[in-house]
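Asker: Plus 26 on top of the position in the sequence shown (first one is 1) and you've got the working numbering.
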Amino acid sequence: MVTIVLTVVAWGLFENPANGQQITGQVSMEGRLFTQDALRDNLYPTNVSIAIEPEFYQELNDGRQSLTVVPFLRWDEHDSERTHWDVRELDWEYFARDWELRAGVRKVFWGVTESNHLVDVINQTDLVEDLDSEAKLGQPMVNLAIIQPWGTLDLYALMGFRQRRFFGAGGRPGIPFPFNSDGAKIDGGNFGWAMRWAYTAGPMDIGVSQFHGTARDPRFFIGDQPIVIADFIRSPFPSIDTQDPMIVPGYEVIDQLGVDAQLTMNGWLLKFEGINRWGQGSRFAAMTGGLEYTLGNLRSSGLDLGLLVEYSYDDRGIEALTPLEDDVFLGGRLAFNDVQTTEVLAGTVLDRTSKASFLFVEASRRLGERSTLDVRIRSFVGVPPDDVFLYGIRNDDYLQASWTLYF
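Now the structure itself:
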């Protein structure tokens with residue numbers, strides 16, 4: 027596949043080398059301050075990190091083709107696992123009137139909801155970047171998009187599987203139980219496929235997707251026996267050697283059917299995502315649904331306030347691989363509509379079972395023409411011992427500030 031892409035790119039550059047070339051990117055400096063003592067020994071109260079993400083874009087053959095290259099590199103002061111590099115994109119595209127062909131390493135996003143992206147299954151999560159799971163690793167693929175009046179049909183051949191990168195021993199937030207990622211069990215080889223049909227009918231956007239391949243989110247095993255993480259969160263680990271743990275992540279072959287829909291009505295957005303998955307133990311279903319209402323020009327102030335409410339449910343309950351198995355999300359998005367593009371997103375996720383809550387604030391503001399300041403707050407409140415995902419990181423509240431320079 028790489029040989030084919032490079033051959034096509036070389037041909038395009040030779041035919042028309044000077045058109046449409048752009049080099050852009052960003053450099054980010056990040057600092058974190060943790061407000062409580064860590065639960066584990068020898069961890070730090072502060073952390074510094076630097077990331078660079080250049081982007082090289084070349085238009086080919088009078089716009090009929092293009093090449094995009096986006097490498098990524100992060101250095102982290104304390105966490106060796108967070109110090110990493112990746113090729114986010116190495117993507118060749120060909121554009122025709124009613125179809126498009128893409129080949130290389132790409133990032134693909136599916137979904138409409140704010141708090142939980144159930145149908146977004148193509149790319150592996152780059153978890154060490156942030157707890158919100160928004161950052162993704164690049165995925166090698168060939169993608170054919172068929173564009174017709176009845177909608178757009180995307181077909182994907184997915185080559186290669188990438189394991190999830192977890193925080194290291196020196197990382198905060200950390201992993202709430204010890205495991206050996208080097209001994210991961212991976213089923214299904216290196217090939218998968220997916221397809222998605224998307225259609226817009228007036229105010230309604232709808233997508234239906236199917237995925238077959240190795241799951242991006244692992245279960246955890248001792249030998250061949252899957253474990254329930256809660257069994258190890260509720261108590262110390264008397265039978266586990268933390269220096270050489272027997273727990274390993276396991277990536278199993280799954281099939282997933284997904285549906286996402288969004289209805290726009292005046293200032294309202296109604297959103298829904300639902301999946302049905304089989305291959306990770308018993309077949310299960312999960313959903314996230316909610317609404318967003320925007321109050322425009324709030325009291326003639328020029329501010330826009332978006333109010334968000336969503337509910338997530340996973341019928342695996344305590345065996346779910348996500349903290350969003352019976353949770354309510356409440357949030358607000360404030361846009362100042364000023365020259366500096368100032369925005370604030372704040373909210374909380376409330377676990378209806380454990381009564382724990384996760385609070386967050388994300389604020390951004392442009393500084394001049396080429397830089398931005400981002401501030402993030404993450405806080406865990408009222409976490410009981412039986413909360414599977416949050417109890418082990420309940421003291422890892424932090425304030426993060428990032429300055430990003432664009433070039």
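Just so you know, even glycine gets a beta-carbon here, dropped at the ideal spot from N, CA and C.
Answer with buried or exposed for leucine 181, where buried requires no fewer than 16 other C-beta atoms within 10 angstroms of its C-beta.
Answerer: By the neighbour-count rule (16 or more Cβ atoms within 10 Å), leucine 181 is not buried but exposed.
Asker: Looking at the secondary structure, which residues open and close the beta strand (DSSP E) in which asparagine 169 lies?
Answerer: Segment 165-174, the beta strand (DSSP E) holding asparagine 169.
Asker: Return the residue from the list Arg359, Gly200 and Gly284 that minimises the CA-CA distance to glycine 322.
Answerer: Closest by alpha carbon: Arg359.
Asker: Sort out for me which residues DSSP pairs phenylalanine 310 with in a bridge.
Answerer: DSSP output for phenylalanine 310 lists Arg303 as bridge partner(s).
Asker: What residue does the beta strand (DSSP E) around tryptophan 125 start on, and which one ends it?
Answerer: Looking at the DSSP string, the run of the beta strand (DSSP E) that includes tryptophan 125 is 125-132.
Asker: CB-CB under 6 Å to serine 54, same chain, minus the five flanking residues each way: which ones, in chain order?
Answerer: Answer for serine 54: Ala77, Ser428 and Thr430, listed in chain order.
Asker: Measure the Cβ-Cβ separation of alanine 220 and phenylalanine 237 and say whether it is below 7 Å.
Answerer: Yes. Within cutoff.
Asker: Alpha carbon to alpha carbon, how far is tryptophan 176 from isoleucine 403? Give it in angstroms, no decimals.
Answerer: Those two C-alpha atoms are separated by around 44 Å.
Asker: Can you tell me where the beta strand (DSSP E) with methionine 272 in it begins and where it stops?
Answerer: Per DSSP, methionine 272 belongs to no beta strand (DSSP E) and is neither H nor E.
Asker: Extract the residue ranges of the beta strand (DSSP E) inside the region 71-95, only unbroken runs of 3 or more that lie entirely within it.
Answerer: Counting whole runs of 3 or more residues, the region 71-95 contains the beta strand (DSSP E) stretches 72-86.
Asker: Contact between the region 118-126 and the region 64-82 is defined here as three or more beta-carbon pairs at a separation below 8 Å; is this criterion met?
Answerer: Counting Cβ pairs under 8 Å, fewer than three are found: no touch.
Asker: What is the residue span of the beta strand (DSSP E) that aspartate 281 lies within?
Answerer: Aspartate 281 -> beta strand (DSSP E) spans 279-291.
Asker: Mind checking whether leucine 127 and leucine 163 have CB atoms under 7 Å apart?
Answerer: Cβ distance not < 7 Å, so leucine 127 and leucine 163 don't count as in contact.
Asker: Just checking, does the region 244-255 make contact with the region 281-296 on the three C-beta pairs under 8 Å criterion?
Answerer: The answer is no - the region 281-296 does not touch the region 244-255, with fewer than three Cβ pairs under 8 Å.
Asker: For glycine 300, which residues of its own chain have a beta-carbon under 6 Å away from its beta-carbon, when the five flanking residues on both sides are left out?
Answerer: These residues qualify, in order along the chain: Val285 and Met313.
Asker: For glycine 328, which option in Gly197, Val365 and Trp304 has the closest C-alpha, if you only look at C-alpha atoms?
Answerer: Nearest option by C-alpha distance: Val365.
Asker: Compare the Cα-Cα distances from glutamate 56 to each of Arg108, Asn68 and Pro97 and report the closest residue.
Answerer: The option with the nearest alpha carbon to glutamate 56 is Arg108.
Asker: If alanine 346 sits next to aspartate 353, beta carbons under 8 Å apart, how far is it from one beta carbon to the other, in whole angstroms?
Answerer: About 10 Å; that fails the 8 Å criterion.
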